[in-house]
Amino acid sequence: MSGRPQRELLCQGNEAVVEGSLAAGVRFFGGYPITPSTEIAEILSVELPKVGGTFIQMEDEIAGIGSCLGASLSGAKSMTATSGPGFSLMQELIGFGCIAEIPMVIVNVMRYGPSTGLPTSPSQGDVMQARWGTHGDHPIIVLTAASVLEAFHMTVKAFNFSEKYRIPVILLLDEVVGHMREKVLLPADEEVQVVNRVKPEIPPDWYKPYEVTNTGVPPMASFGEGYRYHVTGLVHDEMGFPTQVKSEVTASTDRLFDKITRGFADICITDSYQTDDAELIVVAYGSVARSAREAVDQLREKGHKAGLFQITTLWPFPRTSLENTAKVARMMVVVEMNRGQIYREVWRVSRGRWTVHKVSGTDGEMIAPQMIVDAVKEYGQWR
Amino acid sequence: MRVELRLAGYGGQGLITAAVILAEAAGLYMGREVVQTQSYGPEARGGSSKADVIISDSRINYPKARHLDVLLALTQEACDKYFQNLKEGGTLLIDETYVTVSPTPQAYVIPARKTVREVFGKDTFINTVALGALAELVEELDHQAVKKALSSRVPPKTLDDNLKAFELGVNLGRKAKDAPPLKPADADL
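Each protein sequence line maps, in turn, to chains U and F. For the first sequence, my numbering assigns the number 1 to the initial residue and increments by one for each residue that follows. For the second sequence, my numbering assigns the number 1001 to the initial residue and increments by one for each residue that follows.
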């Protein structure tokens, strides 16, 4: 693609995902449109052919993610986009992507669930599903965004992480961010840092597709380049063939986790606002972080030492960043459009060092700042 | 400067498109910060639909409108539901066909649907007429900016009709502005 210049535009979150994916070099989209993610498929169906890429509307979401895995194995950066019902269908093949170490990006613009739920209303109910929806012990990277510009940058990050660590990366947006329009200044393509998968530099005969390397991430050959290798969902050895040898089984699973653990500092993205002296920390992510930020401003105006810890990388959970931010905190209030999914993580990390409360939005509406301020007052000491 | 606008009616009236055009006008052609959000039901058309635009000189956190400076209501239901969110002295713009009972004598009433039916023989441009009226009635909106945004957003083959509808709206807005306040009895139109 000839590089696009820096540009200012009024842009929807879903459009920003498309812009980010193109900046990161997406060349394949396979999926099945669903509200509130439809614009991503709609726009890419027009834009991908222009850059020599491929768009396929498959018969369902299972086939959609399957086509992405295949396209990625052939070297094309691949993406699918969906919402709750489609995300449920994709779970099995997310696991295949994890064990076969196939880079790809899955965008889930969350709507109210379960099942068909409220198709056009926001929710953050898929946080735990994104972490544990596919079976078995597996690592995963899940990113989120609170603004249209963040949706752009996190899409780029999602591609970069998936290529760097050879893992499916989930971009977990909510309906508010997906459909909201903001004025954004998108960077020129040449300003965007793009990471591509490491390819083997040795002859095909020497290639071990799942070799243990010092980064923990084996070089990845594209199908069709002369490197013949076996891809399977079975636990496999360095050559990609099934194994039940105890040492090989443990080593292979350990490596899947180790490559992510080693990248923790790189992967965990968080932001802190007014937290240096904060005795109360509001924890939020996605669109709700915007309400939380305003609530913090309101609390500060009343003289309360409040701050915001905004989580952008939901999984792996940014435990260290939270601990470092919470040096003087006595209380945390976790705000999310579910009944308390990240709340449990914050509580787990707290180990009694601070009290943890939650504000849950479960009515299909975005949580307003006043609801947070009121809840904080109710939890005491902040009147 | 902070202005919160809500455009509410039913799906199919083009209110989200109108809100996007307002946001683009304010953001790209007037240099403001702007956030546009919407909510609507799962129906393809016919369900209730609302679109919010917040225009500000500073960072906008919470993206939904709460204290409305401007409410455009194109159904009685939307008018009744969101009038309570309109600030004291805020601008209420209603269409005489869709909203038959005004909650306040201070409302601006325009015959948008009647006009588009007469001029174009269909309802299609009612959102553009409303845009023109808003541009006239809301002092923070710049006519030229709204017109530019309108021109860049609509399909080229409808541009002339859209610009015509916009001017019709400006005139209806001007007439509504000059009209005396509704008498309490007239508020029940």
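Think of the CB as a built atom: it goes at the ideal place given N, C-alpha and C, for glycine as much as any other residue.
Open item on the list: Nearest by alpha-carbon distance to Y112(U): which of E19(U), H230(U), M337(U), G178(U) is it?
Closed with: M337(U)
Open item on the list: Taking the alpha-carbon of L171(U) as reference, which of K377(U), C11(U), W315(U) has the nearest alpha-carbon?
Closed with: Closest option to L171(U), Cα to Cα, is W315(U).
Task: For M104(U) and R4(U), the rounded distance between their alpha carbons - done: 23 Å
TODO: Measure the C-alpha to C-alpha separation of K1122(F) and Q1013(F) and round it to an integer number of angstroms.
DONE: 12 Å
Task: Short Cβ contact (9 Å threshold) for L173(U) with A151(U) - done: yes
TODO: For T120(U), return the contacting residues in chain F, with the cut-off set at a CB-CB distance below 8 Å.
DONE: S1039, Y1040, G1041, P1042
Open item on the list: Checking the sheet assignment: what are the DSSP bridge partners for H135(U)?
Closed with: The partner list for H135(U) (beta bridge, DSSP) is empty, contrary to what the question assumes.
Task: Neighbourhood of R293(U) by C-beta distance below 7 Å, restricted to the same chain and skipping five residues each side - done: Y273, L308
Task: Per-residue burial, R7(U) [other beta carbons within 10 Å of its own, 16 or more giving buried] - done: exposed
- [ ] Give a yes or no on whether 9 Å exceeds the smallest Cβ distance from G1090(F) to chain U.
- [x] no
Open item on the list: Assess contact between the region 124-139 of chain U and the region 44-54 of chain U, defined as three or more Cβ pairs (one per stretch) separated by less than 8 Å. Is contact present?
Closed with: no
Open item on the list: For chain U, check one thing: does any of its Cβ atoms lie closer than 9 Å to the Cβ of R1174(F)?
Closed with: Judged by the 9 Å Cβ criterion, R1174(F) is not in contact with chain U.
TODO: Give a yes or no on whether the minimum CB-CB distance between L10(U) and chain F is below 9 Å.
DONE: yes
Task: Residues that M104(U) bridges to, as DSSP identifies them - done: Beta-bridge pairing links M104(U) to P168(U).
TODO: Determine the direct distance from the alpha carbon of V359(U) to that of A375(U), and round the result to whole angstroms.
DONE: 7 Å
Task: Bridge partners - Y273(U), DSSP secondary structure assignment - done: L308(U)
TODO: Report yes or no: do the region 265-281 of chain U and the region 319-332 of chain U share at least 3 C-beta pairs separated by less than 8 Å?
DONE: yes
Task: DSSP three-state assignment for D1069(F), whether helix, strand or coil - done: strand
TODO: Can you tell me which of T355(U), S291(U), L22(U), G352(U) puts its alpha carbon nearest to the alpha carbon of P1063(F)?
DONE: S291(U)
TODO: Let me know if P187(U) comes out buried or exposed under the rule of 16 or more other beta-carbons within 10 Å of its beta-carbon.
DONE: buried
- [ ] For R1002(F), decide whether its Cβ has a neighbour in chain U, counting only Cβ atoms nearer than 9 Å.
- [x] no
Task: Best match in Q91(U), V18(U), I167(U), S83(U) for proximity to F55(U) [C-alpha to C-alpha] - done: V18(U)
TODO: Might you give, ordered along the chain, the residues of its own chain that have their beta carbon closer than 6 Å to the beta carbon of A100(U), omitting 5 neighbours on each side?
DONE: V231
Task: Contacts around T35(U), its chain only, beta-carbon distance under 8 Å, and the 5 residues preceding and following it disregarded - done: S83, R111, P119, T120
Task: Selected residue, minimal CA-CA separation from L322(U), among R348(U), C11(U), Q298(U), Q370(U) - done: The shortest Cα separation from L322(U) among R348(U), C11(U), Q298(U), Q370(U) belongs to R348(U).
Task: Environment of D60(U) [buried if 16+ CB atoms lie within 10 Å] - done: Burial is judged here by how many other beta carbons sit within 10 angstroms of a residue's own beta carbon; D60(U) has fewer than 16 and is exposed.
TODO: Starting from the Cα of D258(U), find the closest Cα among K77(U), I62(U), C98(U) and give me that residue.
DONE: C98(U)
TODO: Have a look at the DSSP bridge pairing and note the partners of R1002(F).
DONE: S1056(F)
- [ ] Tell me where the beta strand (DSSP E) around M90(U) begins and ends.
- [x] Unbroken run through M90(U) is the alpha helix (DSSP H), 84-99; no beta strand (DSSP E).
Task: Residues of the region 1100-1112 of chain F whose Cβ lies closer than 8 Å to any Cβ of chain U, in chain order - done: Along the region 1100-1112 of chain F, there is no position whose C-beta sits under 8 Å from a C-beta of chain U.
Task: Contacts of E1096(F) in chain U (Cβ-Cβ under 9 Å) - done: Result: empty, since nearest Cβ-Cβ is about 30 Å, beyond 9 Å.
- [ ] Could you name the residues of chain F that S350(U) contacts, counting a contact when the two beta carbons are closer than 8 Å?
- [x] By Cβ distance, chain F contributes nothing, its closest Cβ being about 26 Å from S350(U), past 8 Å.
Open item on the list: For a quick check, are the C-beta atoms of I1055(F) and V1034(F) less than 9 Å apart?
Closed with: yes
- [ ] Kindly list, in the order they appear in chain F, the residues whose Cβ is closer than 7 Å to that of S272(U).
- [x] The contact set of S272(U) on chain F, defined by CB atoms closer than 7 Å, is empty, because the minimum CB distance reaches about 16 Å.
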